[in-house]
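Going by full-length UniProt numbering, the first residue of the sequence shown is number 1, and it counts up by one from there. Cβ atoms here follow ideal geometry from the backbone N, Cα and C, with glycine treated the same way. Computed from a predicted structure; not experimentally measured. Only one structure is covered here, and it is reproduced in the block below.
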Amino acid sequence: MNEQSILQIRHLSFRYDDEYVLQDINLSIPKGAFVGLVGPNGSGKSTLLKCILRLLKPQEGEIFLFETPIAQFKEWHKIGFVSQKANSFNTGFPATVYEVVASGLTGKIGLFRSLKKKDKEAVFEAIEAVGMSDFVHRNIGELSGGQQQRVFIARAIVSQPEFLILDEPTVGVDVHHVQNFYNMLERLNKQLNITLLLVTHDIGTITEKVTHVACLNKHLHFHGSVSEFAKLKTEDLSMFYGHHLHLLTHDHA
């Protein structure tokens, strides 16, 4: 295999009791890809992420991370995860941006270990990568929802993961800052060569940024390049979603 596979899912199915949430999912993400995973509420997106992160075990199928069966995979430091933080984060938490991002190194250097010079440099580099250098000593509770989410992405990338998974990270982000947020993700993908899997509802915006799109609604109805996705008819998308759908594109000039 010439192109390294970051994630491979083969014939994966997951069910609660007798009800299938995911059925016969086949998905491959190569190194360097930026994949937008879209689908309606209840389509199984969160369940699929939990299977990838080994929080749930599918009843059928296989998952490979970095070409290693997930049961044997040990290099979890290669994977970063950013959840829907905005609705649950305690804004009164007494920590600066620097401290929050530095906490992302705990798994790598150990708990209660002092940061070495190279670790501190990595913290500042991660903060700079998400455009938050001017806020490095600001208490995180003083930041906007979008700024807080940028900090949590910095925390996820400070240990230099090769694969970053984001579960609807723009929840709670002001609509006027969403485009800047996606621009930041695009830079992480292109400049730092981080492979991204982004779960989102914002189909119109992400198609300007991602390299691939996957449409999930219990089954994986589509998985391909952005150019292939652009050729889909509105009727096809409506069928995937189970209801009529208008695909909106945005002019951000």
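- When beta bridges are read from the DSSP output, Asn189 appears opposite no residue.
- Per DSSP, the beta bridge partners of Arg15 are Tyr20.
- Contact between the segment 134-145 and the segment 49-56 is absent: fewer than 3 CB-CB pairs across the two stretches fall below 8 Å.
- 7 Å or more divides the Cβ of Leu198 from the Cβ of Gly80.
- Burial of Asp167 is indicated by the presence of at least 16 other C-beta atoms within 10 angstroms of its C-beta.
- By the CB criterion at 7 Å, Ser13 and Pro30 fall outside the cutoff.
- Residue state for Asn26 is assigned as strand, using DSSP reduced to three classes.
- Here Phe73 carries a coil assignment [DSSP, helix/strand/coil].
- When only Cα atoms are considered, Glu125 and Ser238 end up about 42 Å apart.
- Taking the Cα positions, Arg150 is about 8 Å away from Phe181.
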